[in-house]
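> Sharing a structure with you now.
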Amino acid sequence: VTVAPGAVHLPGWLSAETQADLVGRCRQWARGPAGTRRHPMPRGGVMSVSMTSLGWHWRPYSYARALPDGTPVQPFPELLGALAARAVEAAYGTPHEGDPYDVALVNFYDADARMGMHQDRDELSRAPVVSLSLGDSCVFRFGNTETRTRPYTDVELRSGDLFVFGGPSRMAYHGVPRTRPGTADPALGLNGRLNITIRASGLPG
Ligand code: MD3
Ligand code: FE
2 VTVAPGAVHL PGWLSAETQA DLVGRCRQWA RGPAGTRRHP MPRGGVMSVS MTSLGWHWRP
62 YSYARALPDG TPVQPFPELL GALAARAVEA AYGTPHEGDP YDVALVNFYD ADARMGMHQD
122 RDELSRAPVV SLSLGDSCVF RFGNTETRTR PYTDVELRSG DLFVFGGPSR MAYHGVPRTR
182 PGTADPALGL NGRLNITIRA SGLPG
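The opening residue of the sequence shown carries number 2 in my numbering; numbering runs sequentially from there.
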């Protein structure tokens, strides 16, 4: 389903097996030395979403090779690079060309977590962002490139959904106004929502 030019939503793209596999891997990544953190925001407060960065460390609002305390970032899993290439091809029907995928951000949402409207502009590359959702459903708000306010479209994201944001949608404002606690399949064993975004930093190797 094309939601806007370059924004393609493929519901249920991940098999149940791949979803369960990714949940297990996210748990491992979150437990690593460069694992989950809730970032402080420059204007005060702390993000309600817990994040783990792979490949490059995202700290508001730039990428670094290591955490502020010097802990090295965990490597970018080639599994996610391969998944991103398949995702772009599934969404657009053409192979991914351009900057290689080298960053993944794993976001964990508990029942109260939200993400305010923002643009993703910390990457030097304009390669599409690949988003994979696991666990609880959420309301995903897809806006415009000019303002963080209306017009926007609310889309329900469910476990297994793929969303690819490229072209003119790459710089659109977007956010997660709420999740739907308790909607995850109990068999997945995840209490909350995980979102994996796979990106090209555009930074040198
Ligand atoms: C549209 N994550 O990590 S994924 C983020 O569900 C982020 O955790 C949300 O926004 C989440 O920055 C939304 C969907 C998404 C991700 C990246 C985008 C939409 C995007 C980049 C450009 C435009
Ligand atoms: Fe974002």
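Glycine included, every Cβ here is placed at the ideal spot set by N, Cα and C.
How about residue 111: is its Cβ closer than 7 Å to a heavy atom in ligand 2?
no
> State the DSSP-derived secondary structure class of residue 26, mapped to helix, strand or coil.
helix
> Check whether the Cβ of residue 119 sits closer than 7 Å to any heavy atom of ligand 2, and report yes or no.
yes
> For residue 58 and residue 31, which I take to be in contact (beta-carbon distance under 8 Å), what is that distance rounded to the nearest angstrom?
With a Cβ gap of about 14 Å, residue 58 and residue 31 do not count as contacting.
> Which residue wins for smallest C-alpha separation from residue 95, given the options 114, 152, 129 and 103?
Comparing Cα-Cα distances from residue 95 to each of 114, 152, 129 and 103, the minimum goes to 129.
> Look at residue 133 and residue 196 and say whether their C-beta atoms are less than 8 Å apart.
yes
> Taking just the CA atoms, how far does residue 187 sit from residue 122?
35 Å
> So is the beta-carbon of residue 175 under 7 Å away from any non-hydrogen atom of ligand 4?
Looking for ligand 4 in the displayed structure turns up nothing; the ligands present are ligand 1 and ligand 2.
> Are the CB atoms of residue 142 and residue 178 nearer to each other than 8 Å?
yes
> If you reduce the DSSP assignment to three classes, tell me which class residue 16 lands in.
coil
> Answer yes or no: the CB of residue 198 versus the heavy atoms of ligand 1, is any distance below 7 Å?
yes
> Please report the distance separating the alpha-carbon of residue 117 from that of residue 175.
Roughly 8 Å separates the two Cα atoms.
> Taking the alpha helix (DSSP H) that residue 90 falls in, what are its first and last residues?
79-93
> Is it right to say residue 131 is buried, meaning 16 or more other beta carbons lie within 10 angstroms of its own, or is it exposed?
With 16 or more other Cβ atoms within 10 Å, it is buried.
> On a CA-only basis, which of 199, 44 and 40 is nearest residue 164? Give me that one, please.
199
> How would you call residue 162, buried or exposed, if buried means at least 16 neighbouring beta carbons within 10 angstroms?
buried
> Can you say whether residue 2 is buried or exposed, counting buried as having 16 or more other CB atoms within 10 angstroms of its CB?
exposed
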